[in-house]
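Notes follow once the structure below has been shown.
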Amino acid sequence: YNRINIHIPVQLEFVQINELHFVNYDQSGAVELKNNGHGVVVGGFDKWGKRQRPYIYGGGLSGKYALAQFHFHWAREHEEGSEHTMNALHYPVELHLVHVKEGLSPTEALDESDGLAC
Numbered sequence: 009y010n011r012i013n014i015h016i017p018v019q020l021e022f023v024q025i026n027e028l029h030f031v032n033y034d035q036s037g038a039v040e041l042k043n044n045g046h047g048v049v050v051g052g053f054d055k056w057g058k059r060q061r062p063y064i065y066g067g068g069l070s071g072k073y074a075l076a077q078f079h080f081h082w083a084r085e086h087e088e089g090s091e092h093t094m095n096a097l098h099y100p101v102e103l104h105l106v107h108v109k110e111g112l113s114p115t116e117a118l119d120e121s122d123g124l125a126c
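With the working numbering, letter number 57 in the sequence shown gets 65, and the count goes up by one each step, no holes.
And the structure:
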């Protein structure tokens, strides 16, 4: 992934976009916690079944995207934890929700321009 600086101008221009829907984010189930050497990755949502697994759609996405995993970025220094910035400022922590387009495996999704929604 490339790091992104989200520049927020002093004067904002609002653009109408379709609503992004979060479905089944109120569900609970068993998850898998992994230490990848520099953070915690929470996965196992693929074992929840279609009726319970969290997913998103709308908001300009080209379909339905199931939650594959989420992970955090943080650091020892409270200003430098986030991977991305807003107006060139880092924040203490950043959460990435990684979603895979319906019908694709996570590996297949990496090869598709619209395979992931993060």
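Here a beta-carbon is modelled for each residue, glycine too, at the ideal position from N, C-alpha and C.
Counting only the same chain and skipping the five closest in sequence on each side, list residues whose C-beta sits under 6 Å from that of Val-55. The sequence position of residue 55 within the sequence shown is 47, counting from 1. A small correction: the amino acid at residue 55 is Lys; Val does not occupy that position in the sequence shown. Once the five neighbours on either side are set aside, Lys-55 has no close Cβ partner at all.
For Gln-35, which residues in the same chain have their Cβ closer than 6 Å to its Cβ, ignoring the five residues on either side in sequence? Against the sequence shown, residue 35 aligns to sequence position 27. The answer, listed in chain order, is Gln-60.
Taking the alpha carbon of Val-31 as the point to measure from, which residue in Val-49, Lys-72 and Gly-52 has its own alpha carbon closest? Indexing the sequence shown from 1 puts residue 31 at position 23. Lys-72 is the residue among Val-49, Lys-72 and Gly-52 whose C-alpha sits nearest the C-alpha of Val-31.
Under 8 Å, do His-104 and Leu-124 count as touching if we go by C-beta distance? Taking the first residue of the sequence shown as position 1, residue 104 is located at position 96. Taking the first residue of the sequence shown as position 1, residue 124 is located at position 116. Result no, Cβ atoms of His-104 and Leu-124 do not sit closer than 8 Å.
From this set, Asp-122, Phe-80 and Glu-120, which residue's C-alpha is nearest Asn-43's C-alpha? Your numbering for residue 43 matches position 35 in the sequence shown. Checking every option, the nearest Cα to that of Asn-43 belongs to Phe-80.
Using the three-state DSSP reduction, which class does Lys-55 fall into: helix, strand or coil? For the purposes of this step, residue 55 is taken as residue 47 along the sequence shown, with counting starting at 1. Three-state result, Lys-55: helix.
With DSSP as the reference, label Ala-74 as helix, strand or coil. Here residue 74 is taken as the residue at index 66 of the sequence shown, counted from 1. Note: Ala-74 maps to strand in three-state DSSP.
For Pro-62 and His-29, what's the separation of their Cα atoms in angstroms? Counting from 1 along the sequence shown, the entry for residue 62 is found at position 54. Counting from 1 along the sequence shown, the entry for residue 29 is found at position 21. So the alpha carbons of these two residues sit roughly 11 Å apart.
For Trp-117, name the three-state secondary structure that DSSP assigns. What you label residue 117 is simply residue 109 of the sequence shown in a count that begins at 1. Reading the sequence as shown, one finds Ala at residue 117 and not Trp. It is helical.
In the DSSP assignment, the beta strand (DSSP E) including Asn-43 goes from what residue to what residue? Position 35 of the sequence shown, counted from the start, is the residue given in the question as residue 43. 40-43 is the extent of the beta strand (DSSP E) around Asn-43.
To the nearest angstrom, report how far apart Gly-47 and Arg-84 are at their CA atoms. Mapped onto the sequence shown, residue 47 falls at position 39. Mapped onto the sequence shown, residue 84 falls at position 76. Between Gly-47 and Arg-84, the C-alpha separation is close to 12 Å.
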